[in-house]
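Before any comments, here is the structure.
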Amino acid sequence: MLLKRIIPCLDVNQGRVVKGVQYVDHVDAGDPVEVARMYDEQEADEITFLDITASHEGRRTIFDVVERTAESVFMPLCVGGGVRSIQDIRDLLNAGADKVSIMTAAVHEPELVEEAALKIGSANLVVAIDARRIDDREDYRVRAGGRFRENDPDAVFEVYTHGGRNPTGIDAVAWAARMARAGAGEILLTSMDKDGTKSGYDLEMVRGVADAVSIPVIASGGGGTPESLAEALDDGPEGGHAQAALAASIFHFKEQTVGSVKARLLELGIPVRPPRVAVDGPRALR
Amino acid sequence: MPASSPRVAVVDYGAGNLRSVTKALERSGLRAEVCGDPASLRNADAAVLPGVGAFANAVASLHAKGLDDAIRDGIERGRPYLGLCLGLQLLFDSSSEHGENAGLGLIPGRVDRFPERDAEGKPLRVPHIGWNEVRFSGEHPMLEALPERDIYYFVHSYRAKVANAAGQVGVCEYGGLEFTAAAAEGSAFAVQFHPEKSQSSGRRVLDAFARWIDSC
Numbered sequence: 002m003l004l005k006r007i008i009p010c011l012d013v014n015q016g017r018v019v020k021g022v023q024y025v026d027h028v029d030a031g032d033p034v035e036v037a038r039m040y041d042e043q044e045a046d047e048i049t050f051l052d053i054t055a056s057h058e059g060r061r062t063i064f065d066v067v068e069r070t071a072e073s074v075f076m077p078l079c080v081g082g083g084v085r086s087i088q089d090i091r092d093l094l095n096a097g098a099d100k101v102s103i104m105t106a107a108v109h110e111p112e113l114v115e116e117a118a119l120k121i122g123s124a125n126l127v128v129a130i131d132a133r134r135i136d137d138r139e140d141y142r143v144r145a146g147g148r149f150r151e152n153d154p155d156a157v158f159e160v161y162t163h164g165g166r167n168p169t170g171i172d173a174v175a176w177a178a179r180m181a182r183a184g185a186g187e188i189l190l191t192s193m194d195k196d197g198t199k200s201g202y203d204l205e206m207v208r209g210v211a212d213a214v215s216i217p218v219i220a221s222g223g224g225g226t227p228e229s230l231a232e233a234l235d236d237g238p239e240g241g242h243a244q245a246a247l248a249a250s251i252f253h254f255k256e257q258t259v260g261s262v263k264a265r266l267l268e269l270g271i272p273v274r275p276p277r278v279a280v281d282g283p284r285a286l287r
Numbered sequence: 255m256p257a258s259s260p261r262v263a264v265v266d267y268g269a270g271n272l273r274s275v276t277k278a279l280e281r282s283g284l285r286a287e288v289c290g291d292p293a294s295l296r297n298a299d300a301a302v303l304p305g306v307g308a309f310a311n312a313v314a315s316l317h318a319k320g321l322d323d324a325i326r327d328g329i330e331r332g333r334p335y336l337g338l339c340l341g342l343q344l345l346f347d348s349s350s351e352h353g354e355n356a357g358l359g360l361i362p363g364r365v366d367r368f369p370e371r372d373a374e375g376k377p378l379r380v381p382h383i384g385w386n387e388v389r390f391s392g393e394h395p396m397l398e399a400l401p402e403r404d405i406y407y408f409v410h411s412y413r414a415k416v417a418n419a420a421g422q423v424g425v426c427e428y429g430g431l432e433f434t435a436a437a438a439e440g441s442a443f444a445v446q447f448h449p450e451k452s453q454s455s456g457r458r459v460l461d462a463f464a465r466w467i468d469s470c
């Protein structure tokens, strides 16, 4: 049976990890390649680099990071952030990424997803969606008068771009379904309300999207404990129905390894790849 | 890498990045060389056909470069051949990806998209992405060095089915449906998963490949 995936995520700015991995003292915690190597040793199921470099000049640094990672780590690597064109996707795949995620460009130019799926294939193509719960419905309905078919006045979750700052008026569930039809191979769904809170995933959002598409869904935003990851991955009526859970702070700051999280997930009945490496704390704490 | 190490051609048909495959082969003690012309492919001790991209494009590109005949010749002469992902699918008779297209025809069987429904009639998520268990069976030098079952990383929307059971040496199940995860014919051995992305499990596969080459 296909197992549920646990995916550590690193924010990378100009080639350096932004949120430090505090407990690591044997490796250069600022070097994404070193951190990727550590997660490889812990048998993470995949790793995701999110390039948050704002300056145009700094954007080349990610290619070097991806190349060095692909040469030293034998695990699946997904790269996203600032991907705007077919050429960007190709360049990242050629550098050694296994999957590339696009977000803002897909909102601005949905045809890009269709073109990329046709030319490059769906399997390598992830569409990232940042979304928030709609709290001011009147305000939303004004925005929802836009050009998208996915403007549902009764939507519960709205798609945002630019790191959760810019609302789009687009219903997140309908958008995910459209992106799946366009040829996305996977949806990376982040709750901007939950992101960084460690208060658990937005299960209603994750479930809403996971049930609306027939491609894999990666839940993101709010994963702070093994129990919250289990909820997002649970296929029961209250669960998130996601195929993978992405998390950052649980691995970067807490006394958890991928192995210790997976051991707990197995206890909770979530089918994950059993850890083969030691599941006790991070190595710097031993 | 000692100069006497077996030389493995990583077949380049223009489908993108070969770095991970090359590095993973080197880690298993092999001298891996990216190879895009038939002459150097014929001179290699063994070949790896990595898998990225679409079936029809790959077949057309292999044919245009004359690499398809070089692969067939190599296999006929008993040179170890390892196909990865699309490199497995290409060995079969045909695929329905983007219309019906002929493959290399070395293994009887065909390649089709996963169905929309699983064995229970529920929607099946495609692509099949992630870690899944493969059960190996049958006789092959590669299998002597592998466990009976292990977990590997997959990412694909199309899957192969052998026409006769003898060609299938590994099976995987997704949504209650079985598909060919490893196939063998003559000196060709191919897997649907990505050993170069499957951490220690994948390394065992490439180590087994290195041992097989040594024994030839």
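One line per chain: the protein sequences are S and G, in this order.
The first sequence lines up with residues 2 to 287 when you count with my numbering.
The second sequence lines up with residues 255 to 470 when you count with my numbering.
Idealized CB from N, CA, C, for every residue including glycine.
| Item | Value |
| --- | --- |
| Within 10 angstroms of its Cβ, does S:P217 collect 16 or more other Cβ (buried), or is it exposed? | buried |
| Under a Cβ-count criterion, where at least 16 other Cβ atoms within 10 Å of its own Cβ denotes burial, should S:K120 be classed as buried or exposed? | exposed |
| Please report the straight-line C-alpha distance between G:A308 and G:I383, rounded to a whole angstrom. | 16 Å |
| Which of the three DSSP states, helix, strand or coil, is assigned to G:G363? | strand |
| Over what stretch of residues does the alpha helix (DSSP H) that includes S:R60 continue unbroken? | S:R60 -> no alpha helix (DSSP H), and no H or E assigned at all. |
| Check whether the Cβ of G:Y407 lies closer than 7 Å to any Cβ atom in chain S. | yes |
| May I ask you to list the residues that DSSP assigns as paired with G:W385? | G:Y407 |
| List the residues of chain G that S:L3 touches, going by C-beta distances under 7 Å, in chain order. | H382, G384, N386 and Y428 |
| Select from G:L460, G:R465 and G:A356 the residue whose C-alpha is nearest the C-alpha of S:F75. | G:L460 |
| Which residue's Cα is closest to the Cα of G:Y407: G:G456, G:P334 and G:F443? | G:G456 |
| Using a beta-carbon distance cut-off of less than 8 Å, what residues from the region 450 to 466 of chain G approach chain S? | E450, K451, S452, Q453, S454, G456 and R457 |
| Runs of 4 residues minimum, wholly inside the region 111 to 149 of chain S: which ones carry the alpha helix (DSSP H) assignment? | 112 to 120 and 138 to 144 |
| Is there a Cβ from chain S that is less than 7 Å from the Cβ of G:P304? | no |
| Which word fits G:E450, buried or exposed, when buried means at least 16 other C-beta atoms lie within 10 angstroms of its C-beta? | buried |
| Beta-carbon separation of S:A245 and S:I219 under 7 Å? | yes |
| For G:F433, report the span of its beta strand (DSSP E) as first-last. | L431 to E439 |
| Comparing the C-beta of S:L94 with each C-beta of chain G, is any distance below 7 Å? | yes |
| So is G:A278 in contact with chain S if we call contact Cβ pairs under 7 Å? | yes |
| Drop a sphere of 10 angstroms on the beta-carbon of S:V34, count the other beta-carbons inside from all chains shown, and report buried for 16 or more, exposed for fewer. | buried |
| I want to know whether the region 368 to 375 of chain G touches the region 384 to 398 of chain G - three or more CB-CB distances under 8 Å. | no |
| Taking Cβ positions only, does G:P377 come closer than 7 Å to chain S? | yes |
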